Structure formats: structure tokens, C-alpha cells
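Here's the structure, in C-alpha cells; my notes come after.
2 protein chains.
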Amino acid sequence: MYSLAEENYIKSIYHLQQEVGKEVSTNAIADMMETKPSSVTDMVQKLADKKVLSYRKYKGAKLTADGEIIAANIIRKHRLWEVFLVDKLKFHWDEVHEIAEQLEHVQSEELIKRLDAFLGSPAFDPHGDPIPDAKGNFKKTEKKLLSELKKNQNGVCVGVKETSPEYLQYLDKKNISIGTKISVKGKEFFDGSMVIQVGRDQFFISKQIAENLYIQTT
Amino acid sequence: MYSLAEENYIKSIYHLQQEVGKEVSTNAIADMMETKPSSVTDMVQKLADKKVLSYRKYKGAKLTADGEIIAANIIRKHRLWEVFLVDKLKFHWDEVHEIAEQLEHVQSEELIKRLDAFLGSPAFDPHGDPIPDAKGNFKKTEKKLLSELKKNQNGVCVGVKETSPEYLQYLDKKNISIGTKISVKGKEFFDGSMVIQVGRDQFFISKQIAENLYIQTT
DNA sequence: CTTAATTTTTAGCCTAGGCTAAAAATTAAA
DNA sequence: TTTAATTTTTAGCCTAGGCTAAAAATTAAG
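Chains as they are written, first to last, in this note's numbering: chain A, 99 to 316; chain B, 99 to 316.
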């Protein structure tokens, strides 16, 4: 089994790898994990010994196939627990991340199997992110960012890229959640800001807001 | 907050203290925690510094009032999670201890508040042990051990003292669980063994079995 | 009331996982 | 292409929480 620290590294490296596609740098890992590059070097070497990832000095780290399965399993647990917290315990979607961060490390295959069944084998978590199956396969979704839409296009909110409480609370204030229909009424070329319609309300949003919201176009 | 190791010490000391009533010895703690007495000495000194317990060299340790509240809270979490595992995820009562052992360390007041509500604020866990409230107050139950009953007395199983899978599986095989009615049909003075009736079946049990089963006499 | 057995503590060491400061490698700039 | 800036690694140190072996205190036995 892997320690708490190891699991957190594996998970972070997985997420970074998704973004950049290639080997992830020591500094990038350190930033994401709020630790120092020197600590990352140590841990990454240790994980390389365990064949969880491949690592070449000064070149960065990349999960092996095994490593990716481990990561997917941690993410599976995290997202299933988030569904539990929101669906069953009635937490709000901006409150669950930290708690799921702890629950994801509980070790028991059987627990996750039963939790999954109890929740009805959900395919997506409360933020719209896909929940991988027990073998680590993700359901691919073809979602785009709201910022990619043009004037007069519209679609349904299916997820968020940013999951900070601040951002989620902003969305709440604007009555945007998973399933909300959104139409682009105007778009400013210069700064990427938009005017969108949500329900009866029309309002202005900055590019920063738009590029953190996933939309399924219709 | 307290570390995982600290929480486990606090919990173990609490349980030992219930048994012996007075200060618990270094060796007793080491035995329960499957660690070495020298490690216990170190940790107990650390916890004394934090005012979680009082400690006098060679005399043992005793939780302070604060320490008891901390312990009760950990136990509350453990037992609530056990109820969740049995009631909601359909685990069997002999499978839940280890998982609850991990879940009890998840930190979130709100989580426990909501879990408690979700479960209907249960007063007892699946082994019949009382669940303390948020302030650490236990509901007192006046239960006795089956081994204390005399011939022709009877009662209802309300809990177990021993929670090993082996013991719980034995009880299962004999169809004994919480709520099962049991009558003492015979008792051997010499070795404390008994003949009991459970449902339609009458069978022999050793003293060791009888002194780990809690009964509410009727 | 000594001596022996047991319990507990101390001293010193180990590993995991951090950190800082300095050295080395890589990348960017002139 | 040589120098400067940046990134990464190394070396050495720290804390938490273990361990063993030896010393000290307590308890039990003769």
C-alpha cells in the first residue's frame, strides 16, 4: 500500500499530467502540493523506485500505467465520496472537497464497491467530473469551456474547472449549477468578457469566470 | 488538532481507563496498541504536556476532563460510521471495525453532525455500544454479562464485549445478534459453562463465550 | 528486610517526510 | 557562445513516532 503522502503525490502528478500532456516538472508538482522542490525530488525518486512513475533527472516525472491506475482509483474514491456528501448528507458542492480529500485515503475495496452501489453507480461527481470505474477507465465527455462559445450559442452547464469555494459561491449567487441552461448574448473580443443569460437574468461575466465553466452545447 | 497517533493513544487510554477505573499502566497501553512500552512513555509525556492526560512517572496515565471529551468524540465518530456501514452499506457487524477505525479520524464537525442526522441520531452502534452525544455524554445502559445469569433466567442480547471477527462469526453461526432472546437452561458451577436456548435451539456454550455477551434481563 | 523479578524510563538510533542553503544542470539572454 | 537567470538536485538538518538495550524504580518473594 501507499502512504498518505505518496497517494497525494500520485494524485497531483496525475492531474498535472492531464493538463500538460507530457512529463511534469518538479516545480509544478511543488506548486500544486504547496511544498518545496527539494522535497518533490526526494519523493519522486522514491516513487520511481516503486515503479509508480518514470523519472529522469532535470526532465520531470510521468506516471507509469500502474501509476495511472493507482491515481484513477484515488480519484474514483474522492469523487464517490463527494457524491455521497452532496446527495446523501446534503452538503453544498462548494463544501465537499476538503472532506473528500480525507475520505479518499480510507483503504477498503469493499467499502468503495458498496458505496458505489449505494449511490447508484454515479458517472459524474457534483462538479460534473467523471468518476472512473474500478479499473480506472474514465467516461470521456465532450464538453467545452463557456469561454469557447460564440455569441448566440448556448448549452448546459456540466461542470467546473476551478473548484475553489469562492468560485462555486459566485456561481451559486448567479444561480448556476450543474444542469443550468446558459445562453451567450454578447461577447467582447478585446477581453473575452461576455453577457450571458441564465433563466430570466442577463448579466456580464469576465473571461476568468467563463473559462472555468464547462458547457455541453446543444 | 491531534495527530493520528495521538488520537489512537487517547482512544486506547480511554478504553483501558473504563476497565480498570484508575490510572492505566504503560505496559497495558503498549499491549493494547501493539507497540513498545518505551514508545508509550514518550507519547504519554507528550500528551501530558498538552494537558490531555495527567501522568506521573512509574504511576501511569489518566485522561483529564478535556482528554475524555476528545476520546468520546473519537468514539462517537467510530460508532456512527459503524452504523452507517451496517445500516446503509449493508456490511455485516463483524466487518466494520477496521474501516471505522480509519473513518473515525476524518476531521469535520459538520460531517459528523450531518452523518448523525442522516442515520437518525442512533443511540447504539451495531455491537450494542452506546454512541455518546456531541458533548461526550454516554447513555448509561444497565446490561449484564450472560455469564452472570443464573439457571432459568433469560434476557435479550444487547451487545458484545469482544468484537473480534472470530467471536462475531461464532455468534452468527448460532443465530445470535442484537435483539436475540436467550434463556439459560443450565449452568455448570465448576467451569461456568452453560446450556442456553436461542429460538428453538438448545446448545452448550463455554464460560468464555458467555462472558463476552451483554444481556438485558427481562 | 534483602534479593529477585518485573515494570518503566532513559539514551541512543532509525525511517518517513519535510526544510534550507549551496551546488549543478538547464534554459534564456546578450 | 559566453554569461546570466532559472530550475533542479544534493547535502545536511529537523520532527514525529517508532525501536532496542541498558539503567532505574517498583513490586514480589524468600
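All residues carry an ideal CB built from backbone N, CA and C; glycine is no exception.
Values in this document were obtained by computation on a predicted structure and should not be read as measured data.
- When secondary structure is reduced to three states using DSSP, THR124 (chain B) falls in the helix class.
- Between the stretch 101-120 of chain B and the stretch 162-182 of chain B there are three or more C-beta pairs closer than 8 Å, enough to call the two in contact.
- Three or more beta-carbon pairs separated by less than 8 Å are not found between the stretch 270-277 of chain A and the stretch 111-118 of chain B, which leaves the two stretches without contact.
- Secondary structure of ASP227 (chain A) (DSSP, three-state): coil.
- Straight through space, the alpha carbons of HIS190 (chain A) and VAL150 (chain A) are spaced by roughly 35 Å.
- Between GLU180 (chain B) and ASP214 (chain B), the CB-CB gap reaches or exceeds 7 Å.
- If you draw a straight line from the Cα of MET131 (chain B) to the Cα of ALA163 (chain B), it comes to about 22 Å.
- Within 9 Å of the CB of ILE197 (chain A), the CB atoms of chain B belong to VAL204, GLN205, SER206, GLU208, LEU209, in sequence order along the chain.
- Annotated three-state conformation of ARG298 (chain B) is coil, per DSSP.
- Excluding residues up to 5 positions away in sequence, THR124, ASN125, ALA128 lie with their Cβ nearer than 6 Å to the Cβ of PRO135 (chain A) in the same chain.
- Close CB contacts of GLU104 (chain A) within its chain, under the 7 Å cut and outside five residues either way in sequence, are with LEU145 (chain order).
- Within chain A, not a single residue places a beta-carbon under 8 Å from that of PHE236 (chain B); the smallest gap is close to 25 Å.
- In this structure, the beta-carbon distance from ILE172 (chain A) to GLU202 (chain A) falls below 7 Å.
- Taking 9 Å as the cut-off between beta carbons, none of the residues of the stretch 285-305 of chain A comes near chain B.
- In the same chain as LEU217 (chain B), and ignoring 5 residues on each side of it, the C-beta atoms closer than 7 Å to its own belong to LEU178, VAL181, PHE182, ASP185, in chain order.
- Near chain B, meaning a CB-to-CB distance below 9 Å, the residues of the stretch 168-202 of chain A are LEU183, LYS186, LEU187, LYS188, PHE189, GLU193, GLU196, ILE197, GLN200, LEU201.
- With its beta carbon less than 7 Å from one in chain B, ARG212 (chain A) belongs to the interface.
- In the three-state DSSP reduction, ALA221 (chain B) falls in the coil class, being neither helix nor strand.
- For a cut-off of 8 Å, the C-beta gap from GLY257 (chain A) to ILE276 (chain A) is around 7 Å, short enough to register as a contact.
- Nearest C-alpha to PRO230 (chain A) among A:GLU208, A:ILE307, A:ARG174: A:ARG174.
- Annotation: Cβ neighbours of PHE216 (chain B) in chain A (cutoff 7 Å, chain order): LYS186, LEU187.
- For VAL142 (chain A), the uninterrupted alpha helix (DSSP H) segment begins and ends at 135-147.
- Runs of the alpha helix (DSSP H) lying entirely within the stretch 176-260 of chain B, each at least 4 residues long, are 195-201, 207-216 in chain order.
- Going by C-alpha positions, GLN205 (chain B) is about 22 Å away from GLU264 (chain A).
- About 6 Å separates the Cβ atoms of SER291 (chain B) and LYS305 (chain B), confirming a contact at the 8 Å cut-off.
- Beyond the five residues adjoining it in sequence on each side, GLU260 (chain A) comes within less than 7 Å, by CB distance, of ASN310 in the same chain, given in chain order.
- Per DSSP, ILE276 (chain A) is not a residue of any beta strand (DSSP E), being assigned neither H nor E.
- Residue state for TYR156 (chain A) is assigned as coil, using DSSP reduced to three classes.
- Beta bridge pairing from DSSP links LEU151 (chain A) with A:LEU161.
- DSSP places TYR107 (chain B) in the uninterrupted alpha helix (DSSP H) bounded by 102-118.
- Within the DSSP bridge table, the entry for LYS285 (chain B) names B:MET292 as partners.
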